[in-house]
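First residue of the sequence shown: 223, per our numbering; consecutive thereafter.
From the three backbone atoms N, C-alpha and C, an ideal C-beta is built for every residue, glycine too.
Beneath this line is the structure, given in C-alpha cells, with notes to follow.
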Amino acid sequence: MRQPRYRILFTAALATTTVLAVPAAPAAATPTPGIVVSDGMTQPVFSFADAIEERVWVETPLDTDHDGRLDRVVADISRPRETATAGFKVPVVFEHSPYRKGTWGDVPYPSVLVDELPQTGLTQQLRSQSQAIGIQRAKANLPGSLDDYYVPRGYAVVLGQSIGTADSDGCPTSGDMAETLGTKAIIDWLGGRAKAYNAAGESVTADWTTGAVGMTGVSYNGTLPNQVATTGVENLKTIIPVSAISNWYDYYRANGLVVAPGTFQGEDLDVLAQYTAGRARAEGRCADEIAQLTAEQDRITGDYSDFWRARDYLPGAKKVTASVFVVHGLNDWNVKTENFAGWWDRLAAAGVPRKIWLHQGGHGGPGSAATVTLPSGQAWTYKQTENRWFDYWLWGVQNGIMDEPTAVLQRENRAYTTYANWPDPGARDVALTLTADSATEPGNLITTDARNQRTEQSFVDEGRTISPSTLVAGPDTASANRLVYRSPVLTGDVRLSGRPEMRLRMSIDNRPDANLSVYLVDYGAPGSTARPVVVTRGWMDPQNRTGWSHTVAVQQGVMYDYRWTLEPKDYVFAAGHRIGVVVFSSDQEYTLLPLGGTRLTVQPGSSRLTLPIVGGREALGF
C-alpha cells in the first residue's frame, strides 16, 4: 500500500500526545511550530481567531465563455497565521462548489406531463413552464465549518468557486472536462504549477503549503473531487466524496429512460447549469453555451451518448492516484446509489486505497456524531474518522486507519457495524421466478423453474394520476394498474447486499413505447398491518433493451426480454416478512408522465428477479 511521505517526524505511540514538526532549527532560531497528535488525531492547537484569510484568482487553461481571455476561478483561503510568521507549511483541505452565491432560485423546469413519450419519434410535447422551485443542494458557508475545524488542527482550508459560477469567470459546463480542469487549476496552483493573482492583479504563490491536497464535499461539491481525481493530478492525495455523482447519466437517466433526481421532477443538466450560473449569466453571456447543453443532453431518446460519456468518470478510475473515502446514504434518491456503487467497483478494480461509510439517511452525510465501534472496541464518530483519514493521507500520521475494516454500514436499527468490504463478500445471486395462477390476482416468487407456465398478466399505465405508494400498497389484492409478486413468509432474517437484477418478458400492446418501472418491496405477512417499505427501484426504456446507447423500435404486442439492474442496496428483510416486486409503468416521482391507457402484458413464468443474498439460497430459506 502506498504511504504518504512528508517532512514531518513520525511516531508509533498513538495513545500519547505528540508534537510533529519539520526538522529542528538551530538552537538560536525561533522554534518551528508543529501539529499536535493525540490518539492518532490532530488536535486544535492553532488559533482560529488569528488565521489568515485571503482570496486569489487562479488562472485556468480554459475560455468557456469564448471572450478571448483565459478564465480565472476564485479560491478563498484560511490558514494558520504561523504559515506566514514561522515558515510553517501545511496541507490543504479543499472544497470546490458551484453553489457559493448568485444562484437562480426560480429557474424554470420543463413539464414532465406529456401526451406521448418523446422517444416514440412523435412531436415532442414538452412545454417550458416557470416554477418557483429552488434546487435544495449543499451550499458551502464561507468561512464555514471546514476552516473552523481544520485550521486549528494545522491545515489550510480552500473554498473554490466553480468555473462559470459566483465570482469565477466563464460559463458552467456541468460535469465535463472543462469543469474538471477548472477545479484542477486550483490544485495545480497549490502544487506550484499554475498562476494566481490577488485583487490588485499581482502574482501570488502558495508558498505556505506542503502541496498535499485532500478534497471533500457533499452532492455536487462531492462530485467535483471524483472528477478531478480521474486526472491523476499528482498532489491530490485523497478525496472524501459524500453523496457524489460518478456518472451523470446515472443521475438524469436510467437504462435509456429520462429519470429525474429525487424531488426534482423535470430537472436536467441544462436546468442545473442555469441554476448555478445565476439568471443574468444564464440568459446573458452564457445563453449559447447552455442552449448547447439543452440540445445535446437529449430528452427525446434518453440514450447514452458522447455528451454523457464526457460526464462519466467510471472509466477514469484507473487513473486515480488519490485514496478515496466514499460516503453515501443507502436511501439517497437524489444521487442514487449506483453512483457510489459503480465508482466503488471501479476503484476496487484499479487497486485504489479506499474506505466506505454507508448510512440509512438520504441525500447527505451521516452527521458528525454518527458513531461506529470497531472490532477492537474503539469507538469513533464520523467526524473523527474524517479527521483521522485526512491526518493519515495529508500529514502522514500513522494512526492505523487503513488497518481497520474497509466498510462501515448503518443497519436498519440505526446501529453502525463494520464489514470486510461492500458488497458483502458472502453475497450470492439467487434467481427468483415470477409465477401466477391467475391473469388478474397477485403472483408469487419461487426458487424453482416455471418456464412451462403459460399464464399472462396485463396492466394499464395510469402513473400520471396514481402515485407509486398507492401502486405498492395492497400486495394481496389485484390492481388493474400494476402487477405484484410475493415470496413466502421468511423464516429468518435475509440480507440483500449488492445490485438486484430484473429480467422481464413483456409486451407493449397498444402504444409504440412505454415507461417501465420496478420496485423491490418489503411486505409484512398476509393480513399484517406492517407498512410496505420500498427497498429499491429501477427503470428502463423498452426501446433500449439492447443497450443504453441504442434506441430500437418496439413492435406492439410482441414479447421481448428486458433485463436491467435496480439501484444497489444493502437491506435486511426481517423474519416474518415477505419479499415483493411491483411492476408498473410510469413513475410519478421520477419518469415522464404520458397520458394513461398504455397496456402492458407480462409472462411471469419467463421472468426472473435475481437478488444478491448473503449466504445464498440457503439463507433465503425457500
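Alpha-carbon spacing of D328 relative to A400, whole angstroms: Here residue 328 refers to the residue found at position 106 of the sequence shown. Here residue 400 refers to the residue found at position 178 of the sequence shown. If you take the alpha carbons of D328 and A400, they lie about 26 Å apart.
In the DSSP assignment, find the alpha helix (DSSP H) that holds K406 and state where it starts and stops. Walking along the sequence shown from the start, residue 406 turns up at place 184. Note, K406: alpha helix (DSSP H), 399-412.
In three-state DSSP terms, what is F270? As a first step, residue 270 must be located in the sequence shown, where it is residue number 48. Three-state DSSP puts F270 in coil, outside helix and strand.
Burial state of V780, where buried means 16 or more other Cβ atoms lie within 10 Å: Here residue 780 corresponds to residue number 558 of the sequence shown, with the count starting at 1. Classification of V780: exposed, given that the 10 Å Cβ count is below 16.
Quick one: is D528 buried, meaning 16 or more other Cβ sit within 10 Å of its Cβ, or exposed? If you number the sequence shown from 1, residue 528 lands on position 306. Label assigned to D528: exposed.
Relative to the alpha-carbon of G845, which residue among S807, T607, T670 has its alpha-carbon at the smallest distance? Outside the displayed span of the chain (223 to 844) sits residue 845, for which this structure offers no information.
Which partner residues does N469 have in the DSSP bridge list? Taking the sequence shown and counting its residues from 1, one reaches residue 469 at position 247. Note: N469 sits in a beta bridge opposite D534.
Per DSSP, the bridge partner or partners of Y321: As a working note, residue 321 is residue 99 in the sequence shown. Paired residue(s): none; Y321 is not in a bridge.
If we ignore side chains and look at the alpha-carbon of each, how far apart do H585 and S396 end up? Counted from its first residue, the sequence shown places residue 585 at position 363. Counted from its first residue, the sequence shown places residue 396 at position 174. C-alpha separation (whole angstroms): 19 Å.
Are the beta-carbon atoms belonging to V794 and V706 less than 8 Å from one another? On the sequence shown, residue 794 is found 572 positions in, with the first residue counted as 1. On the sequence shown, residue 706 is found 484 positions in, with the first residue counted as 1. No, the Cβ-Cβ distance between V794 and V706 is not below 8 Å.
Work out the CA separation of Y638 and P645 for me, nearest whole Å. The count along the sequence shown starts at 1 and reaches residue 645 at position 423. The count along the sequence shown starts at 1 and reaches residue 638 at position 416. Between P645 and Y638, the C-alpha separation is close to 16 Å.
Along the beta strand (DSSP E) that carries D298, what are the first and last residues, could you check? Within the sequence shown, residue 298 is the residue found at index 76, counting from 1. Start and end: 294-301.
State the CB to CB distance for the pair R576 and V546, rounded to an integer number of angstroms; the pair is presumed to be in contact (CB under 8 Å). Start at 1 with the first residue of the sequence shown, and residue 576 comes out as number 354. Start at 1 with the first residue of the sequence shown, and residue 546 comes out as number 324. Sure, about 5 Å apart at Cβ, within 8 Å.
Given 8 Å, three or more beta-carbon pairs between the region 299-315 and the region 420-437: yes
In terms of residues, what are the limits of the beta strand (DSSP E) holding P447? Translated into positions along the sequence shown, residue 447 becomes position 225. Premise fails: P447 lies in the alpha helix (DSSP H), 442-451, not in any beta strand (DSSP E).
Taking only the alpha-carbon atoms, compute the straight-line gap between N469 and D534 and give it to the nearest angstrom. Counted from its first residue, the sequence shown places residue 469 at position 247. Counted from its first residue, the sequence shown places residue 534 at position 312. Near 4 Å, if we compare the C-alpha coordinates of D534 and N469.
With DSSP as the reference, label T345 as helix, strand or coil. In the sequence shown, residue 345 corresponds to position 123, counting from 1. The pLDDT assigned to T345 is 24, lower than 50, so where the model puts this residue is not dependable; a value taken from the coordinates is nonetheless given after this. Three-state result, T345: coil.
Between the beta-carbon of V542 and the beta-carbon of L569, is there less than 8 Å? Taking the first residue of the sequence shown as position 1, residue 542 is located at position 320. Taking the first residue of the sequence shown as position 1, residue 569 is located at position 347. Contact flag set, yes.
Threshold first: 4 residues or longer. Then list the alpha helix (DSSP H) segments lying entirely within the region 659-705, N to C. 690-694
Checking the sheet assignment: what are the DSSP bridge partners for Y526? As a working mapping, residue 526 is identified with position 304 in the sequence shown. The partner list for Y526 (beta bridge, DSSP) is empty, contrary to what the question assumes.
Assess, as a yes-or-no matter, whether the region 492-509 is touched by the region 315-327 under the definition of 3 or more beta carbon pairs within less than 8 Å. yes
In the structure shown, what three-state DSSP assignment does F806 receive? Locating residue 806 in the sequence shown gives position 584, where the first residue counts as 1. In the structure shown, F806 sits in a strand (DSSP, three-state: E or B).
Of the choices V774, P734, G746, whose alpha-carbon is the least far from that of D337? Within the sequence shown, numbered from 1, the residue matching residue 337 stands at position 115. Here the closest residue by C-alpha is P734.
Could you tell me which uninterrupted beta strand (DSSP E) segments, each at least 3 residues in length, are contained entirely in the region 717-777, listed from first to last along the chain? 723-730, 738-745, 755-762
Tell me Q632's beta-bridge partners as DSSP assigns them. As a position in the sequence shown, residue 632 is number 410, starting the count at 1. Paired residues: Y638.
C-alpha distance - L596 paired with P627, whole-angstrom precision: Mapped onto the sequence shown, residue 596 falls at position 374. Mapped onto the sequence shown, residue 627 falls at position 405. The straight-line gap from Cα to Cα measures roughly 8 Å.
Using three-state DSSP, classify R851 as helix, strand or coil. Any question about residue 851 goes unanswered here, given that the chain covers just 223 to 844.
What is the DSSP secondary structure of M781, reduced to helix, strand or coil? By 1-based counting over the sequence shown, the position of residue 781 is 559. M781 falls in the coil class under three-state DSSP.
Leaving out the 5 sequence neighbours to the left and right, which residues in its chain are closer than 8 Å to I688 when beta-carbon positions are compared? For the purposes of this step, residue 688 is taken as residue 466 along the sequence shown, with counting starting at 1. Here the set comprises N703, Q810.
For W602, list the residues DSSP reports as bridge partners. Counting from one through the sequence shown, the residue named residue 602 turns up at place 380. Paired residue(s): V594.
How long is the line joining the alpha carbons of R676 and S660, rounded to whole angstroms? Against the sequence shown, residue 676 aligns to sequence position 454. Against the sequence shown, residue 660 aligns to sequence position 438. Rounded to the nearest angstrom, the two C-alpha atoms are 10 Å apart.
Closest by C-alpha distance to H772, when choosing among S333, N477, A378: By one-based count along the sequence shown, residue 772 stands at place 550. Closest option to H772, Cα to Cα, is N477.
For Y745, collect the residues of the same chain with a Cβ closer than 7 Å to its Cβ; drop the 5 residues on either side in sequence, then sort them by chain order. Counting from one through the sequence shown, the residue named residue 745 turns up at place 523. Taken in chain order, the residues that qualify are P697, R708, P754, H799, R800, G802.
Only counting the same chain, and skipping five residues up and downstream in sequence, which positions put a Cβ closer than 7 Å to that of A653? On the sequence shown, position 431 is the one that residue 653 refers to. Excluding sequence neighbours, A653 sits near R830, T832.
Between G262 and G837, what straight-line distance do the alpha-carbon atoms span, to the nearest angstrom? Residue numbering aside, residue 262 sits at position 40 when the sequence shown is read from its first letter. Residue numbering aside, residue 837 sits at position 615 when the sequence shown is read from its first letter. Approximately 37 Å between the Cα atoms of the pair.
Where do the N-terminal and C-terminal ends of the beta strand (DSSP E) with T427 fall, by residue? Walking along the sequence shown from the start, residue 427 turns up at place 205. Unbroken run through T427: none, as it is neither H nor E.
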